[in-house]
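Step one of this worksheet: look at the structure below.
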Amino acid sequence: MDYIRDFDIKLDKEMYYAGETLGGHVILDTTENFKLRAVRLILRGKAHAEWKVLISGDRQTVKDDQYFIDDRACIFGKEKHDGPIPVLPRGLHTFPFKFQLPESSLPCSFESKPGYIRYYIKVTLDIPYASPPQGMKYFTIIGPHIDCMDEQYLKPLVGHDKKTTCCLWCEKGPLVITSVLERTAYVCGESIKLRTEIDNQGQDNVRLTVKLIQYVEYFIERGVLGVGKEVSHVVLEFKGDLVKTDSKYKWDSSDTLVIPVMPPSVTKICRIMQIYYVLQIGLETEKSSEELSMHFPLTIATVPFRIPNSKRQPELYYDTACDYVEGGMHIGPEFLIGDVYDGSSNNQSEMVVLYRPTYVAVRKDKPGDKNSKNGKSSGDKNGKNSSRSPNNHEILEKKDDRSGKSRNSLESSEKKHVKSSHRNDSYPNSKQNGPGSTIKQESATNQDSSRDISPNNSHRKPNETPTCSKTKDQ
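Residue numbers for the sequence shown follow the numbering used here, so the first one is -11 and each next one is one higher.
This is the structure we're talking about:
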């Protein structure tokens, strides 16, 4: 409409927690007087999943939605279409608004190709006898509320695996691995506290491997069983020194396994998608065959670990997820603005990203470091995270920058190295513990976030921590 010069939505801040008051104002700048029946607002938070499936030889689209917030308000005019229609004089007008976010646990904002979780404000100008102009403003929810100080996450997990090999008359000693995970919940930027001991009395040299794997399950209610999809990515990978036969090896993760910025765990609060993480610890031979393995459930939290009675509190910051995990590698096409490629080699098109979700992380770097960069884990010595929360309207990303961006979250140290994986859509062969393995919790049973992977089950419960102990003979 020619008489509307400016129509914008401004929020007091870009990120909110459950229970906070969301405030802002609608800006309307007009060049002439006109009749405006009402200015209506909708606050909405929803999860959406959609993909194509093959049904009876035809490819059909299946989709599903779940709403977490659906509030409405009228900040100007009348709700009902009765009485005289007010006239809005020309000039600059500001309409303030406030919404109270629910106290219940809200899943985090999330963007991926099969589905998303979005929160937004939608404004509609009700103008008589005209198509109503509409505007939308997206914002980020930091959630769900998961505190690393909760008792269920502070109890350590102990894993033990053993293997004995024999060949006819020649019998070697056992290959034993014992791992202790000090706590099971971490905020992005924190170091995973893991201790491992290896006693190699077998016939082959072995090497310790540690992987942090992200699993995202999507589910659409369709028919009786429904339709499911699963995606997995290796977030961190560590390989230790070679452990020769008839030798022992001890390893402490200390500051080696630093969790990059990525979405927190989302379980039991969203029926359309579940996000959870598994720490896989194993031994492999020089022939790259896996000898032993065990799996620990690991929770990515939103409230960091605090040392009791300590004056020093963790410093938090907010950043977008790294681009090799689900939730960070995809940007919705509706949030991208860029020039059309004209075929010339000189065309350097800049892609303007209107919105990307941000996630909470703990800063371990010195604020104001000149080498700080967005997208790196806080434990990276070569680059440190930005000292401010990114403004979604200012994020400019070049295609060349994304293709050349480093995928490594930690730098190598002699033979030990941690590497950040690129996309890995392959599913794990098994999520259960290897033969002869046990995982137990000291003095209590752990409430973990790993679950049975079944695409046709919408109400999947977390796996009970397996407890078994036996020796494998070959």
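C-beta atoms are modelled at their ideal positions from N, C-alpha and C, and glycine is treated no differently.
Review point. For R376, which of helix, strand or coil comes out of DSSP?
Key: Counting from 1 along the sequence shown, the entry for residue 376 is found at position 388. Interpretation of R376 is limited by its pLDDT of 34, a score under 50 that renders its predicted location unreliable; the figure taken from the coordinates is listed afterwards. Coil at R376, not helix or strand.
Check your understanding: Under three-state DSSP, which class holds K404?
Key -> Taking the first residue of the sequence shown as position 1, residue 404 is located at position 416. Residue placement at K404 cannot be trusted, given a pLDDT of 40 that sits under 50; the coordinates are not used to answer.
Check your understanding: How many Å lie between E178 and Y107 at the Cα?
Key -> Along the sequence shown, read from residue 1 onward, the residue named residue 178 stands at position 190. Along the sequence shown, read from residue 1 onward, the residue named residue 107 stands at position 119. Straight-line Cα distance between these residues: approximately 27 Å.
Check your understanding: Does DSSP put Q429 in a helix, in a strand, or in coil?
Key -> Along the sequence shown, read from residue 1 onward, the residue named residue 429 stands at position 441. Only weak support exists for where Q429 lies, its pLDDT of 42 falling under 50; the coordinates are left without a value.
Review point. Who are the near neighbours of K110 in its chain, counting only those whose CB is closer than 6 Å to its CB and skipping five residues on each side?
Key: On the sequence shown, residue 110 is found 122 positions in, with the first residue counted as 1. So the list reads I30 and M124, once near-sequence residues are dropped.
Review point. If you compare alpha carbons, which of D46, Q189 and C136 is closest to M176?
Key: For the purposes of this step, residue 176 is taken as the residue at position 188 of the sequence shown. As written in the sequence, residue 176 is Cys, which differs from the Met given in the question. Ranking the options by Cα distance to C176, first place goes to C136.
Check your understanding: So the alpha helix (DSSP H) Y206 belongs to, where does it begin and stop?
Key -> Taking the first residue of the sequence shown as position 1, residue 206 is located at position 218. It is not in any alpha helix (DSSP H) - Y206 instead sits in the beta strand (DSSP E) that spans V194 to I208.
Exercise for review: Return the Cβ separation of L80 and F56 in integer angstroms, given the expectation that the two are a contact with Cβ distance under 8 Å.
Suggested key: What you label residue 80 is simply residue 92 of the sequence shown in a count that begins at 1. What you label residue 56 is simply residue 68 of the sequence shown in a count that begins at 1. No, L80 and F56 are not in contact; Cβ-Cβ is about 34 Å, not under 8 Å.
Point to revise | Close-in-space but distant-in-sequence residues of the same chain around I325 (CB under 6 Å, 5 per side omitted) | key: Taking the sequence shown and counting its residues from 1, the one referred to as residue 325 is at position 337. Here the set comprises V340.
Review point. So which of R294, G216 and V266 has the shortest CA-CA distance to K40?
Key: To locate residue 40, count along the sequence shown from 1; it is residue 52. Of the listed residues, the one whose Cα sits closest to K40 is G216.
Point to revise | Spatial distance of R294 from V266 (CA atoms) | key: Along the sequence shown, read from residue 1 onward, the residue named residue 294 stands at position 306. Along the sequence shown, read from residue 1 onward, the residue named residue 266 stands at position 278. C-alpha separation (whole angstroms): 23 Å.
Point to revise | Contact set for K(-2): own chain, Cβ-Cβ below 7 Å, skip 5 residues either direction | key: In the sequence shown, the residue the question calls residue -2 occupies position 10. So the qualifying residues of the chain are G12, H13 and I15.
Point to revise | Where P321 falls: helix, strand or coil (DSSP) | key: Counting from 1 along the sequence shown, the entry for residue 321 is found at position 333. In the structure shown, P321 sits in a helix (DSSP, three-state: H, G or I).
Practice item. Out of A37, K66, V27 and K151, state which residue places its alpha-carbon closest to the alpha-carbon of N262. Key: Start at 1 with the first residue of the sequence shown, and residue 262 comes out as number 274. Before going further, note that residue 262 is Gln rather than Asn in the sequence given. The shortest Cα separation from Q262 among A37, K66, V27 and K151 belongs to A37.
Review point. Under the rule that 16 or more other beta-carbon atoms within 10 Å means buried, what is K199, buried or exposed?
Key: For the purposes of this step, residue 199 is identified with residue 211 of the sequence shown, where counting begins at 1. Buried, by the Cβ-count rule.
Exercise for review: Rounded to whole angstroms, what's the CA-CA distance from C96 to I129? Just pull it up for me.
Suggested key: Taking the first residue of the sequence shown as position 1, residue 96 is located at position 108. Taking the first residue of the sequence shown as position 1, residue 129 is located at position 141. Those two C-alpha atoms are separated by around 5 Å.
Practice item. Quick one: measure Cβ to Cβ for Q189 and G161, integer angstroms, because I've assumed they're closer than 8 Å. Key: Start at 1 with the first residue of the sequence shown, and residue 189 comes out as number 201. Start at 1 with the first residue of the sequence shown, and residue 161 comes out as number 173. So it is a contact: roughly 3 Å between Cβ atoms.
Check your understanding: Does the beta-carbon of V75 have 16 or more other beta-carbons within 10 angstroms, so that it is buried, or is it exposed?
Key -> Here residue 75 corresponds to residue number 87 of the sequence shown, with the count starting at 1. The residue in question, V75, is exposed, as its Cβ has fewer than 16 Cβ neighbours within 10 Å.
Point to revise | N- and C-terminal bounds of the alpha helix (DSSP H) containing L142 | key: The residue labelled residue 142 in the question sits at position 154 within the sequence shown. From DSSP, the alpha helix (DSSP H) with L142 extends over E139 to L142.
Check your understanding: Leaving out five residues before and five after T273 in sequence, what residues of the same chain have Cβ atoms less than 8 Å from its Cβ?
Key -> Taking the sequence shown and counting its residues from 1, one reaches residue 273 at position 285. Only D192, N193, V194, R195 and E279 meet the Cβ criterion.
Check your understanding: Between P292 and V222, which are expected to be in contact by the criterion C-beta below 8 Å, what is the C-beta distance as a whole number of angstroms?
Key -> Translated into the one-based positions of the sequence shown, residue 292 becomes position 304. Translated into the one-based positions of the sequence shown, residue 222 becomes position 234. 24 Å between Cβ atoms; not a contact.
Point to revise | Nearest-angstrom Cα separation, counted from L182 out to H148 | key: In the sequence shown, counting from the first residue as 1, residue 148 sits at position 160. In the sequence shown, counting from the first residue as 1, residue 182 sits at position 194. Their Cα atoms are separated by approximately 13 Å.
Exercise for review: With DSSP as the reference, please indicate the residues paired to G103 in a beta bridge.
Suggested key: Along the sequence shown, read from residue 1 onward, the residue named residue 103 stands at position 115. A37, per the DSSP bridge assignment.
Review point. At which residues does the beta strand (DSSP E) containing Y126 begin and terminate?
Key: In the sequence shown, residue 126 corresponds to position 138, counting from 1. Here the beta strand (DSSP E) through Y126 covers Q122 to I130.
Point to revise | Boundaries of the beta strand (DSSP E) in which M229 is found, first to last residue | key: The residue labelled residue 229 in the question sits at position 241 within the sequence shown. In the sequence under discussion, the amino acid at residue 229 is Asp, which differs from the Met named in the question. Start and end: V215 to V231.
Point to revise | Own chain residues within Cβ distance below 8 Å of H69, not counting five before or after | key: Residue numbering aside, residue 69 sits at position 81 when the sequence shown is read from its first letter. So the list reads R25, once near-sequence residues are dropped.
Check your understanding: For V27 versus F64, is the C-beta distance shorter than 7 Å?
Key -> By 1-based counting over the sequence shown, the position of residue 27 is 39. By 1-based counting over the sequence shown, the position of residue 64 is 76. A contact, by the Cβ cut-off of 7 Å.
Review point. For the beta strand (DSSP E) that contains N21, what are its first and last residues?
Key: Along the sequence shown, one-based indexing puts residue 21 at 33. First-last for N21: undefined, no H or E at that position.
Review point. In whole angstroms, what separates the C-alpha of I288 from that of Y264?
Key: Reading the sequence shown from its first residue, position 300 is the one you call residue 288. Reading the sequence shown from its first residue, position 276 is the one you call residue 264. When rounded, the distance between both Cα atoms is 8 Å.
**Study point:** K387 burial status per 10 Å Cβ neighbour count (16 or more: buried)
**Key:** To locate residue 387, count along the sequence shown from 1; it is residue 399. Low confidence applies to K387: its pLDDT is 35, below 50, so where it sits in the model is not reliable, and the reading given next is rough at best. That one is exposed.
Check your understanding: Of the residues P252, P77, M317 and D(-4), which one's Cα is nearest the Cα of G131?
Key -> Stepping through the sequence shown from its first residue, residue 131 is reached at position 143. With distances taken between Cα atoms, G131 lies closest to P252.
Check your understanding: Among E8, T49 and E20, which one has its Cα closest to the Cα of E209?
Key -> Counted from its first residue, the sequence shown places residue 209 at position 221. Selected option, being the one with the closest Cα: T49.
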